[in-house]
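Working notes, beginning with the structure itself.
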Amino acid sequence: MKGQHRLVGAVVSRAALALVALAAAAALLSPTAAASPESDADDAITAAWEDAGGENSDLGAKQGDVYAVGAGFAQDFANGKMFYTPDTGARSMYGAVLEKYESLGGPANSDLGFPTIDEVPGLAGPDSRNSTFSAGDKPVIFWTPDHGAHVVRGAINAAWDKLGSSGGVLGVPVGDETYDGQVATQLFSGGQVSWNRQTKVFTTTPPELAQQLTGLQVPIDPTAAINMAWRAAGGASGPLGAKQGGQYAVGDDGQGQDFAGGKVFFSPATGANAVESEVLAKYESLGGPVGSDLGFPTANEADGGIKPASRISTFSGVGDPVIFWTPDHGAFVVRGAMKAAWDKLGGPTGQLGAPVGDETVDRDIVAQKFTGGKIAWDRAKNTFSTEPSQLASALSGLQIPGQNQPAGSAQPADTGAKRAWHSWWLLVIIPVLLLIGLVAVAAPWWSRRRMARREAPVYEPDHDMDAGYDGEPKSRVRWAADGDSDSGSSAFTGGYAEAAPAAAPASSSDTGWMPPGGAGFDEPLPREETSSGAAPSEFETAAEAEDPDAVDTAPTRIPTESEISGGRHAATDSAAEAEAEPEPMAPVAADQPAIHLPLQDAHEAPDGYPVKGNVSFGLYYTPDSALYDDAFAEIWFTTEEVAQANGFTKAM
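This is the structure:
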């Protein structure tokens, strides 16, 4: 029993120790567990308030506790507020600047973001106040006792800063920005700044200030662009209303933002633009910016010009499409030929009026009805007919840009795009035709060479081929290379020995290949009967067995027909000339074509083709040309002479 009591006592003691350890651990961990974003905000705000003087600061005494607002926190004070996020820190605001901020929705419902500095005096003087905010277009609220508090942001803020801000020629803002289509404008005490968000061009009052803004870069991210489109549409009090949710991706590089009364779509090419209610419903029923061929909107939805109500939205798709809405007929797309004719006749405020249906297509006839009539376009003939018929005369000769014609239709008007297509294929066709022409010219020449080779007597030298000629042979006869000679195949491959170029000085820039030790050409020889022996058949067998692509050949130039029949390589007449070394030449294979098409890299010269040719301009470039590295090669030549023979002119 005593053993059992001792065992029970040990278990109880150990359990008690475990409880004490758990209690100690809980006590140690309790401060960490109590930490939270709200407590972090409270600590940061309290520290900033105490640094500013606590209850003796401009803010005065605390009122209540820290509370969440938007993506951060806020703390009320007797004379103002502090706002906090981990990125911006704790920042104070009060008076008219705070009132303006909260009238626009504050950190939760405006597009300004959180303050990034404590409210401070502006450059205009100690009586002015300003505070900057975290939104991407760097907004500022600026206040003066004479003009009140106004927001300056985005492109206009960039221009204002460029011109000296509140201490410069423009002075202080006297109103908020206003919008007229694509143009944002803001008034200052010393002038006015306007910015077209489509053309990115500034205009100013006085006008000379705009010169200082030429080239000013205005980086605007998708969020800032969407917010600008929202403000241009009236902001929270406009038809779009309040934001709903966050931004989302649209297609590869687009963004979208939902609002209570519509949506704003952004793409780098079109910027951000709003589409609302009935027009938006039609747009999305067709697939929206990604699922339809309308593309992204190119401007905020606007008044259509027809009373009592109409709306129009323009898009980036082919044919300059628009969606036009009226309460009596609904929303319809007008595009392409219908849009061109409609615009020509005055658009919605012209004789045709608003569309009452989408376009229809019946074979080659595209038609659309409007409140004031009908347009029909025969795309095969590019002719219009109208109801009433007298409207058609105004459409005579109207061109429809970007309109594809169906197969079998009338030939469309020549366009730059079509010419570009032909030019592209000419780059391929011309080199091919040149090669075909060269083959046609070379075929009979090659045949004559083959026949001459079969008739040629064989001269078998009894000296080393590499040693040159000791003197002129007693009898000049045609000769062929010994099959065992190490002199290479360049002089004889393909029957070259039977076709020699005409005589030319050794110093000529158009120097042909010479036998070792030779320094000139001799006169033509009379034909002789082919001598007997095995050399011709051995030579033909070797020549036919050769792989032309693997032959390491010596340089030669292409002989003319007269040269083929009139000249031959011959031994030298002079011992002094026999000792002269031939001038070094760039290697060109005897059986190598004179022209080569470009490699995959158009700037890389094919081996043995150093001369660039540009078919479009008829120019050729040698490696010593100043423009050689920059020139685009559409064809390559072995030598300048080949380029000139094909009608090319040397580029200066």
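The UniProt record's numbering puts the first residue of the sequence shown at 1, with every later residue one more than the last. Every residue, glycine too, gets a C-beta built ideally from N, C-alpha and C. Keep in mind it's a predicted model, so treat the numbers as computed, not measured.
Opening and closing residue of the alpha helix (DSSP H) in which glutamine 644 lies: 640-645
Helix, strand or coil at tyrosine 621 [DSSP, three-state]: strand
Sequence ranges, beta strand (DSSP E) only - wholly within the stretch 295-358, length at least 3: 311-314, 322-326 and 330-334
Residues that alanine 249 bridges to, as DSSP identifies them: Gln255
Span of the beta strand (DSSP E) around aspartate 51: Note, aspartate 51: premise wrong, no beta strand (DSSP E); alpha helix (DSSP H) at 37-51.
Simplified DSSP assignment, three categories, for tyrosine 101: helix
7 Å Cβ cutoff met for leucine 286 and glycine 317: no
Counted within 10 angstroms of its Cβ, other Cβ atoms place lysine 381 as buried (16 or more) or exposed: exposed
C-beta atoms of threonine 88 and threonine 116 nearer than 7 Å: yes
Distance between beta carbons of alanine 155 and alanine 184, contact taken as under 8 Å: 7 Å
Simplified DSSP state of lysine 282, which is helix, strand or coil: helix
Option in Thr639, Arg91 and Asp624 with minimal Cα separation from proline 606: Thr639
Three-state secondary structure (DSSP) of isoleucine 220: coil
Extent of the continuous alpha helix (DSSP H) run through asparagine 382: Asparagine 382 -> no alpha helix (DSSP H), and no H or E assigned at all.
Per-residue burial, glycine 246 [other beta carbons within 10 Å of its own, 16 or more giving buried]: exposed
Cβ-Cβ separation, alanine 232 to asparagine 157 (assumed contact under 8 Å), whole Å: No, asparagine 157 and alanine 232 are not in contact; Cβ-Cβ is about 16 Å, not under 8 Å.
Span separating the alpha-carbon of glutamine 351 from that of proline 297: 26 Å
Reference valine 366; option with closest CA among Gln186, Ala376, Gln644 and Ala392: Ala376
Distance CB(valine 322)-CB(isoleucine 306) smaller than 7 Å: no
As assigned by DSSP and simplified to three states, the class of valine 290: helix
Close beta carbons around alanine 149, own chain, < 6 Å, minus the five adjacent residues each side: Ala96, Val97, Lys100, Ile141 and Trp143
Alpha-carbon spacing of glycine 520 relative to tyrosine 621, whole angstroms: Only weak support exists for where glycine 520 lies, its pLDDT of 41 falling under 50; the value from the coordinates is given anyway. So the two alpha carbons sit approximately 31 Å from each other.
Where glutamate 208 sits in the DSSP three-state scheme: helix
Contact check, proline 253 vs glutamine 244, beta carbons under 7 Å: Looking at the sequence provided, one finds aspartate at residue 253 rather than proline. Result no, Cβ atoms of aspartate 253 and glutamine 244 do not sit closer than 7 Å.
Nonlocal neighbours in the same chain, by C-beta distance under 7 Å from valine 250, ignoring five residues either side: Gly256, Phe265, Pro289 and Val290
Option nearest alanine 48 by Cα separation, candidates Asn79, Arg91 and Glu38: Arg91
Cα-Cα separation between alanine 74 and glycine 105, rounded to whole angstroms: 14 Å
Alpha-carbon to alpha-carbon, tyrosine 628 and aspartate 303: 58 Å
Any alpha helix (DSSP H) of 4 or more consecutive residues that is wholly inside the stretch 112-195: 154-162
Distance CB(proline 107)-CB(valine 69) smaller than 7 Å: yes
Candidates Gln600, Thr326, Ala643 and Tyr283: closest to leucine 435 by CA position: Ala643
Cβ of aspartate 378 within 7 Å of any chain C Cβ: In the displayed structure, chain C is absent; only one protein chain is listed.
Cα-Cα separation between glutamine 600 and tyrosine 609, rounded to whole angstroms: 15 Å
Chain-order list of residues whose beta-carbon lies under 6 Å from that of alanine 41 (same chain, five-residue window excluded): Val66, Phe73 and Tyr84
C-beta atoms of valine 193 and glutamine 186 nearer than 7 Å: yes
Distance, aspartate 43 Cα to tryptophan 86 Cα: Note that residue 86 corresponds to proline in the displayed sequence, not to tryptophan. Cα to Cα, the separation comes out at about 12 Å.
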